[in-house]
Amino acid sequence: MRYVIVGTGNISNTYVSALGKLPNCELVGAVSRSGRALPSAPELPIWSSLDAVDQAFDAVILATPNGLHHEGAIEAAALGKHVLTEKPLDIAIEAMDRMTEACKKAGVTLAVCYQRRTRPDNIAIKRLMDAGAFGRVYAVDLAAKFYRDQAYYDSGDYRGGYSLDGGGPFMQQACHNLDIYTWLFGLPKQVMSMLGTFAHNIESEDHGAALMRHANGMIGSVVASTAAKPGFAARMEVHTEKGSFTLTDDVVTQWAVEGVDNPSQPGEAYQHDGATSAAVTDTTAHEAIINDFESAVKEKREPLAGAGSSRLTTELILKVYEAAR
Ligand SMILES: NC(=O)c1ccc[n+]([C@@H]2O[C@H](COP(=O)([O-])OP(=O)(O)OC[C@H]3O[C@@H](n4cnc5c(N)ncnc54)[C@H](OP(=O)(O)O)[C@@H]3O)[C@@H](O)[C@H]2O)c1
């Protein structure tokens, strides 16, 4: 498929590199309001808007701030182009509904780059969870304690603000981990939370904690931070009727579940930059998302991270923010 990237900032580098490694993909050029070239492919053409693109293409990759994903998706759908958006789907319910509806009406695929869903151990746990292999799940504790310096927030005047980033670490960094949480356990029915801003001059939280109760009684807890210097691997501890297991950066690192073998898949090592940096230099999970996107388009099936399931993640984050207010 032939792609146009919308947005030529940080994450565009990951796509230039990922697309370059996938033999069936072609990057045609990019859209930038400011006319900034793709830093990793400065030779490619730049257009000021999607409808100005004068070369054939099949799909867009939305690499713009979180609160602009719906605009890009609606524009792409109007042109009949498939949409792979960076996470989150968007930051508001109405925006997510509008973009989903526009893509559905236009008959184009809408996928979200929640690339941690492609990690082998997350997939194995998802299969076991869906098959009921753990019996009743009692509790899940998620720690997404990352670090960003003030220079990161100063690198874009929207960063750490509610209008375009949609919030702090809950919406921007830990949304990946909360996405795995909602993918595995669904939405809670009750949320309590506390947020604070400690280490940065930003509008949103840079640290917070939430407690969640699910319909089956499961109690979830999550800590999300960009103030946890120097930045830690993400940990999810799951306690069930059959025993407990821990995922550390999407790999099973502890397993004590009666009657179920540790499903940890060898897989290739994945370099997580997220604890300390916004750059994604290991492109393998993005490549897996692009491959799944292309298959979903061809097979006319729901992508691994489609709009319906990805919407839950933003819904949960909005509930955390609402509870804190
Ligand atoms: N999957 C992951 O692991 C991962 C990692 C990092 C980021 N992301 C996601 O990728 C997206 C982009 O993040 P990024 O770090 O690449 O951001 P960035 O470096 O700030 O780049 C954003 C780009 O969007 C364009 N843009 C269009 N309208 C804009 C506006 N009103 N304000 C600011 N920029 C605007 C900018 O180019 P012009 O102004 O020239 O149009 C800019 O190049 C976000 O949704 C983020 O959550 C995902």
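With the first letter of the sequence shown counted as 1, position 190 gets the number 658 in the working numbering; the numbers rise by one all the way through.
From the three backbone atoms N, C-alpha and C, an ideal C-beta is built for every residue, glycine too.
* With distances taken from CA atoms, which of Asn478, Lys489 and Val474 is nearest Thr752? -> Per the C-alpha coordinates, the member of Asn478, Lys489 and Val474 positioned closest to Thr752 is Lys489.
* Expressed to the nearest angstrom, what Euclidean distance is found between the alpha-carbon atoms of Lys768 and Thr577? -> The straight-line gap separating the alpha-carbon atoms of Lys768 and Thr577 is approximately 8 Å.
* Contact under 8 Å by Cβ, Ser672 with Asp625 -> Taking 8 Å as the Cβ cut-off, Ser672 and Asp625 do not qualify as a contacting pair.
* Going by the C-beta, is Val748 closer than 7 Å to any heavy atom of ligand 3? -> Absence of ligand 3 is noted for the structure shown, with ligand 1 being the only ligands found.
* To do: Return yes when the C-beta of Asn669 is under 7 Å from any heavy atom of ligand 1, and no when it is not.
  => With a cutoff of 7 Å, Asn669 does not count as near ligand 1, since its C-beta is closer than that to no heavy atom of the ligand.
* Asked: Which residue from Leu780, Val748, Ala764 and Pro533 puts its Cα closest to that of Gln583?
  -> Taking only the C-alpha atoms, the option nearest Gln583 is Val748.
* Could you tell me which residues DSSP puts in a beta bridge with Cys581? => In the DSSP output, where bridge partners are listed per residue, Cys581 has Glu554.
* **Backbone secondary structure at Val472 - three-state DSSP** => In the three-state reduction of the DSSP assignment, Val472 falls in the strand class, which pools E and B.
* Can you check the stretch 675-734 for any beta strand (DSSP E) of at least 3 residues that lies completely inside it and give the ranges in chain order? => Correct list: 675-681, 687-693, 703-708, 711-716 and 719-725.
* Asked: With which residues is Met660 paired in a DSSP beta bridge?
  -> According to DSSP, Met660 bridges with Leu679.
* Hey, would you say the C-beta of Ala619 is under 7 Å away from at least one heavy atom of ligand 1? -> The answer is no for Ala619.
* **Candidates Val496, Thr714 and Tyr620: closest to Gly742 by CA position** => When each option's Cα is compared against that of Gly742, the closest is Tyr620.
* To do: Classify Tyr626 as helix, strand or coil using the three-state DSSP reduction.
  => DSSP places Tyr626 in coil when its eight states are reduced to three.
* Considering only residues of the same chain and omitting the five flanking positions on each side of Ile529, which have a CB-CB separation below 6 Å? -> Only Tyr471, Ile473, Tyr483 and Leu552 meet the Cβ criterion.
* To do: Please determine, among Ala607, Gly711, Thr586 and Thr744, the residue with the shortest C-alpha to C-alpha distance to Asp729.
  => By alpha-carbon distance to Asp729, the top candidate from Ala607, Gly711, Thr586 and Thr744 is Gly711.
* Asked: Pro771: buried (16+ other C-beta within 10 angstroms of its C-beta) or exposed?
  -> It counts as buried.
* Asked: Are the beta-carbon atoms of Ser661 and Ala678 separated by less than 8 Å?
  -> Between Ser661 and Ala678, the C-beta gap is smaller than 8 Å, which places the two residues in contact.
* Asked: Can you find at least 3 beta carbon pairs, one from the stretch 718-729 and one from the stretch 653-670, that sit closer than 8 Å?
  -> As far as the Cβ criterion goes, the stretch 718-729 does not touch the stretch 653-670, which means the pair count is below three.
* Asked: Whose C-beta lies closer than 6 Å to the C-beta of Ala695 among residues of the same chain, with five residues either side of it excluded?
  -> The beta carbon of Ala695 sits closer than 6 Å to those of Phe666, Ala667, Asp674 and His675, all from its chain and outside the five residues before and after it, given in chain order.
* Can we count Ile473 as close to ligand 1, meaning its CB is less than 7 Å from some heavy atom? -> The answer is no for Ile473.
* Consider the C-beta atom of Ser689 and the heavy atoms of ligand 1; say whether any pair is separated by less than 7 Å. => Every heavy atom of ligand 1 is 7 Å or more from the Cβ of Ser689, so no.
* Answer with buried or exposed for Thr721, where buried requires no fewer than 16 other C-beta atoms within 10 angstroms of its C-beta. => Exposed: under 16 other Cβ atoms inside 10 Å.
* Taking buried to mean at least 16 other C-beta atoms within 10 Å of its own C-beta, is Lys572 buried or exposed? -> That one is exposed.
* Thinking C-beta only, is Met686 closer than 8 Å to Ile608? -> It is worth fixing the name first, because residue 608 is Val in this sequence and not Ile. With a cutoff of 8 Å on beta-carbon distance, Val608 and Met686 are scored as near each other.
* Asked: Are Thr491 and Thr782 touching if we call contact CB-CB under 8 Å?
  -> Note that residue 491 is Pro in the sequence shown, not Thr. Pro491 is not a Cβ neighbour of Thr782, given a cutoff of 8 Å.
* Asked: Over what stretch of residues does the alpha helix (DSSP H) that includes Ala541 continue unbroken?
  -> The continuous alpha helix (DSSP H) containing Ala541 extends over residues His537 to Ala546.
* Just to confirm, are Ala611 and Arg681 a CB contact at a threshold of 8 Å? -> The answer is no: Cβ separation not under 8 Å.
* DSSP state of Ala756, grouped into three classes? -> DSSP places Ala756 in the helix class (H, G or I) of the three-state scheme.
* Asked: Where Lys766 and Pro513 are concerned, what is the direct C-alpha to C-alpha distance, given to the nearest angstrom?
  -> Spanning the two alpha carbons is a distance of roughly 27 Å.
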